[in-house]
Structure formats: structure tokens, C-alpha cells
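Peer 1: Submitted below is the structure of interest, expressed as C-alpha cells.
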Amino acid sequence: MRLITHNMLSCNIKGVKNGFPLKIEAEKVIEKEVDFNPDFLRHMFAKIEWKALVEAARSMGYAELPEDSPDATVIESADETFLRKLHHALLELHLEEGALVCPETGRKFPVNKGIPNMLLHEDEVKQTVCIDLRKGNEPTRIRSPKDRVLMQDVCIDLSLQVP
Amino acid sequence: MKLKQLEGLLGDLQQFSNPKVELEQYPTGPHIASRMLFTAENSYGDITDKVVADFGCGCGTLSAAAALLDAACVIGFDIDPQSLETATLNAEELEVEIDFVQCDVTKLELKGQVVGTVVMNPPFGTRKKGADMEFLSAAMKVASQAVYSLHKTSTREHIKRAALRDFNAKSAEVICELRYDLPKLYKFHKRKEVDIAVDLWRFEPRQN
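Okay, structure coming up:
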């Protein structure tokens, strides 16, 4: 798993307000060179969560990224030094063995052979209960997006209260 | 890369050794996969130098196609660890970099706008009702640029309506109709092989 992927993963356990970014426990990290693509990196820079990337790279043993997100002039300039560091952190560091840890609950998502297992246990999955006020129905569990859509106007997310 | 060459490379990939019927595991054939990704790049520029996510990647056929067409980064998501093992071997065989994540895409909330294009051959909903719509809903939340997906032609009107009305689609177009040749994979399959009419869709999400 590379850090570009880590930058989009968060913990979806029900009730968790702040599941991003996941902390990294690195047991085995490998480096694989890939082609340098400065245009892609310039484009990507605006989209990544910078602090999360810096912290994650540090956990993988790479501390070359500046703490503060550089401004546009650094990115647009012809000087490739910064982009090379970004390239290395984002695309060349692979977490092979270890875990991703939820910052709020401490739940560990294991990483084996480079693949993080983000599957939640039955009791960790959010349930959304919808109450159809127009018809005065019993609260119903949502079974499919279609159900949710029909009740959209009156949907109340009770995920925190559902046992 | 030429279409024929892409099709050839995808034809060499390993497929499901023990397909699980409840997950609707069917291989995406090289004919469909190559045309799907080739069109996505050549007609719309949605693959090369982009971040591409493959939802329900299975053995990684679509992911491999995206990587071979020079996506900047490819990430495959699937719930089944055995398929992901095969997908990893396939990526090694082709010498392409693909990240894989084991998860239920319908329950995963991906942060940010990193993913540009989502490609997928989702379950059609024959085992778990509504699975096709759940996958589409998830994909539309993640992609910042485009979603390419295969759905049964018989569901065309339903999909178009749902995409535009409920899944935040700016546009929903059937790019072409394909015949998906399904070989006899499971015990309950009566015929030796069957052709299903499927639509290749391109959805564009509304910008936030």
C-alpha cells in the first residue's frame, strides 16, 4: 500500500467522528522506483491532505517532507527538488506488513502483503434508521439505497443510538 | 498501446480459481475489459496520468488494463481475500504497480478528491438485491471525474433515473451495448454458455 492510497482511507466504525488520518504501524516497508511525472504531482498536490502525508511518511521512515504545506510558487517553479520528495513519499514507499490504526478508537486494520484489511465486524457497521413521518409507519431499517431515497425527506440518522 | 495488444495481455491473466456465487464473481473477459478502458482513455482521456479506482476488482482485470494504459496510480478494492491474492499475482506478472485494499466498497467512505476515475464491473444484483445500485452510489461519491460501469441492458431506464436524480450525476450516457459472454461457472448454470446484453455506462459526477 502506498501513501497515495493511505491518504484516502479512514475508519468507518459507527459513531466514530474523527477516523482520519489512520496512524501507521510499520513493520515492513519497501521502496520501489517508478517514473517521475511532475505534471501529475503538481496536479495532485492540491488534492492531498498534507499533514496526513507528512505524518504517514515519517512513520514509514521518510522525514524529508516539510512540516508545512509549501505555497503555490514552490509547486509551479522549475525546481524539481520538492516534487522529487513528494514523488518518493506518495508513490515509492510501500507498506508491506503492519497496521493502520484508527486515531479515535485504536482499532487496528492489519496490513499483510501490502493489502490493508478494512473490513468491519458486524457490530461496527453503521445502521441508519428511517422514520416515515408521512405515513406514521414503524421505523424501518434501510435495506437498499432505493429505500433510503424514497424516505429521503424525513430521514434521521440515529446511528449513535442504535444498539 | 494498440487495442489488440491490450486485449492479448489481459487474456493471459489468471481468473477466479474458486468463484463465490454469493459475491457474483464472474471474470471480466479481455474483450470487454480492453474495449472499456481503451474507450475511456481514447474518447475521454480518463485513464492516462489519472488516479483510477477499480471497485469490486476481483482478479484485477480492469485494474491491469488501467495500469497498462498508463494511469498514474491504480487502486483495486474487493471484499474477497483470495481474489486479491490472484490480483496481486496478476499485477506482478504484468510488472505494473497496483495497490489493493480489502473492504466492502459499499460501506467504505473515502476521503478527499484524490480518485479521478472509477472503473467497475459490479455485481448485477442477482444474489444480493440492489448490489448494482449500491456500487454505483459508492462510485459516484468517490470519483471526481468519471465513472465507467457495466449494467444489464434491461436495467437501463432505472439506472439513468437513479444516477441523475439520486447519485449526483451531471450526465449518464450509455457508451455502447456489449454482449457479456458468461461461461458455465456455477452448478446452477444450465446452458454451456450464455450471452447477456450489458450497457457500458459513463457517468459524470456534479462538481462540489
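Protein chains in written order, with the working numbering: chain A, 6 to 168; chain B, 68 to 275. Note that beta-carbon positions come from the ideal geometry of N, C-alpha and C, so glycine has one too.
1) Do residue 209/B and residue 185/B have their C-beta atoms closer together than 7 Å?
2) Near residue 95/A, which residues of its chain fall below 6 Å by C-beta distance, leaving aside the five closest residues on each side in sequence?
3) Which one or two residues does DSSP pair with residue 249/B in a beta bridge?
4) Using three-state DSSP, classify residue 86/B as helix, strand or coil.
5) At a CB distance below 8 Å, what residues from the segment 153 to 174 of chain B approach chain A? Give them in sequence order.
6) The beta strand (DSSP E) spanning residue 142/B covers which residue range?
7) Shortest alpha-carbon distance to residue 169/A belongs to which of 104/A, 56/A and 108/A?
8) Can you list, in chain order, the residues of its chain whose CB lies under 8 Å from that of residue 50/A, leaving out five sequence neighbours each side?
9) What is the rounded straight-line gap between the Cα of residue 140/B and the Cα of residue 165/B?
10) Can residue 104/B and residue 151/B be called in contact, C-beta distance under 7 Å?
11) Only counting runs of 4 or more residues, tell me where the alpha helix (DSSP H) segments fall wholly within the segment 11 to 67 of chain A, in order along the chain.
12) Can you list, in chain order, the residues of its chain with a C-beta nearer than 8 Å to that of residue 85/B? Leave out the 5 residues immediately preceding and following it.
13) Which residues bound the alpha helix (DSSP H) around residue 92/A?
14) Beta-carbon within less than 6 Å of residue 172/B's beta-carbon, same chain only, minus the 5 sequence neighbours each way: which residues are those?
15) On the DSSP bridge list, what partners appear for residue 267/B?
16) Name the two residues that bound the continuous alpha helix (DSSP H) containing residue 120/B.
17) For the alpha helix (DSSP H) that residue 103/A lies in, which residues bound it at each end?
18) For a cutoff of 7 Å on Cβ pairs, would you count residue 179/B as touching chain A?
19) Buried or exposed, going by whether 16 or more other CB atoms sit within 10 Å of the CB of residue 99/A?
20) Starting from the beta carbon of residue 64/A, find every residue of chain B whose beta carbon is closer than 9 Å, and list them in chain order.
21) Closest to residue 131/B by CA distance: which of 117/B, 154/B and 113/B is it?
22) Would residue 10/A pass as an interface residue toward chain B - the criterion being a Cβ-Cβ separation below 7 Å?
23) Consult DSSP for residue 209/B and reduce its assignment to one of helix, strand or coil.
24) Taking 7 Å as the CB-CB cut-off, is residue 45/A touching chain B?
25) Let me confirm a value: residue 86/A is counted as buried when at least 16 other C-beta atoms fall within 10 Å, else exposed. Which label applies?
26) Can you confirm whether residue 276/B, when its beta carbon is compared against all beta carbons of chain A, has any partner nearer than 7 Å?
27) Measuring CA to CA, which of 268/B, 142/B and 146/B is closest to residue 213/B?
28) Between which residues of its own chain and residue 43/A is the CB-CB distance below 7 Å, once the five residues before and five after are set aside?
29) DSSP three-state label for residue 169/B, please.
30) From 125/B, 246/B and 232/B, pick the residue whose C-alpha is nearest to that of residue 221/B; which is it?
31) Give the straight-line distance between the Cα atoms of residue 142/B and residue 118/B, rounded to the nearest whole angstrom.
32) Just checking, does the segment 176 to 183 of chain B make contact with the segment 47 to 64 of chain A on the three C-beta pairs under 8 Å criterion?
Peer 2: Here's the rundown:
1) Translated into the one-based positions of the second sequence, residue 209/B becomes position 142. Translated into the one-based positions of the second sequence, residue 185/B becomes position 118. Yes.
2) Position 90 of the first sequence, counted from the first residue, corresponds to residue 95/A. These residues qualify, in order along the chain: 8 and 9.
3) Here residue 249/B refers to the residue found at position 182 when the second sequence is read from its first residue. In the DSSP output, where bridge partners are listed per residue, residue 249/B has 261/B.
4) Residue mapping note: residue 86/B aligns to position 19 of the second sequence, counting from 1. Coil.
5) 155, 164, 166, 167, 168, 169, 170, 171 and 174
6) Residue numbering aside, residue 142/B sits at position 75 when the second sequence is read from its first letter. It spans 140 to 145 - the beta strand (DSSP E) in which residue 142/B sits, taken as one unbroken run.
7) Outside the displayed span of chain A (6 to 168) sits residue 169/A, for which this structure offers no information.
8) What you label residue 50/A is simply residue 45 of the first sequence in a count that begins at 1. Same-chain partners within the cutoff: 80 and 91.
9) Along the second sequence, one-based indexing puts residue 140/B at 73. Along the second sequence, one-based indexing puts residue 165/B at 98. The alpha-carbon atoms of residue 140/B and residue 165/B are separated by roughly 7 Å.
10) Walking along the second sequence from the start, residue 104/B turns up at place 37. Walking along the second sequence from the start, residue 151/B turns up at place 84. No, the Cβ-Cβ distance between residue 104/B and residue 151/B is not below 7 Å.
11) 43 to 50 and 55 to 64
12) Here the question's residue 85/B lines up with position 18 in the second sequence. Correct list, in chain order: 149.
13) The residue labelled residue 92/A in the question sits at position 87 within the first sequence. Where residue 92/A is concerned, the enclosing alpha helix (DSSP H) stretches over 86 to 92.
14) What you label residue 172/B is simply residue 105 of the second sequence in a count that begins at 1. 122, 144 and 205, listed in sequence order.
15) Here residue 267/B is taken as the residue at index 200 of the second sequence, counted from 1. In the DSSP output, where bridge partners are listed per residue, residue 267/B has 217/B and 243/B.
16) Numbered from 1 along the second sequence, position 53 holds the residue referred to as residue 120/B. It is not in any alpha helix (DSSP H) - residue 120/B instead sits in the beta strand (DSSP E) that spans 118 to 122.
17) On the first sequence, residue 103/A is found 98 positions in, with the first residue counted as 1. Unbroken run through residue 103/A is the beta strand (DSSP E), 98 to 106; no alpha helix (DSSP H).
18) Indexing the second sequence from 1 puts residue 179/B at position 112. Residue 179/B counts as touching chain A.
19) Within the first sequence, the letter at position 94 stands for residue 99/A. Buried.
20) Counted from its first residue, the first sequence places residue 64/A at position 59. Near residue 64/A there are no residues of chain B at all, since even the closest Cβ is about 17 Å away, more than 9 Å.
21) Taking the second sequence and counting its residues from 1, the one referred to as residue 131/B is at position 64. Of the listed residues, the one whose Cα sits closest to residue 131/B is 154/B.
22) Counting from 1 along the first sequence, the entry for residue 10/A is found at position 5. Yes - at least one Cβ of chain B is within 7 Å of the one on residue 10/A.
23) Sequence index remark: in the second sequence, residue 209/B carries index 142 (1-based). If DSSP states are grouped into helix, strand and coil, residue 209/B belongs with the helices.
24) Stepping through the first sequence from its first residue, residue 45/A is reached at position 40. Interface residue, yes.
25) Here residue 86/A refers to the residue found at position 81 when the first sequence is read from its first residue. Looking at its Cβ environment, which holds fewer than 16 other Cβ atoms inside 10 Å, residue 86/A is exposed.
26) In this structure chain B extends from 68 to 275, so residue 276/B is not present and cannot be described.
27) In the second sequence, the residue the question calls residue 213/B occupies position 146. Residue 268/B is the option with its Cα nearest to residue 213/B.
28) Locating residue 43/A in the first sequence gives position 38, counting from the first residue. For residue 43/A, where only same-chain residues beyond five positions count, the Cβ hits under 7 Å are 85 and 88.
29) The residue given as residue 169/B occupies position 102 in the second sequence. It is a strand residue.
30) For this step, residue 221/B is matched to residue 154 along the second sequence. Residue 221/B has its Cα closest to that of 246/B, out of 125/B, 246/B and 232/B.
31) Start at 1 with the first residue of the second sequence, and residue 142/B comes out as number 75. Start at 1 with the first residue of the second sequence, and residue 118/B comes out as number 51. Near 8 Å, if we compare the C-alpha coordinates of residue 118/B and residue 142/B.
32) yes
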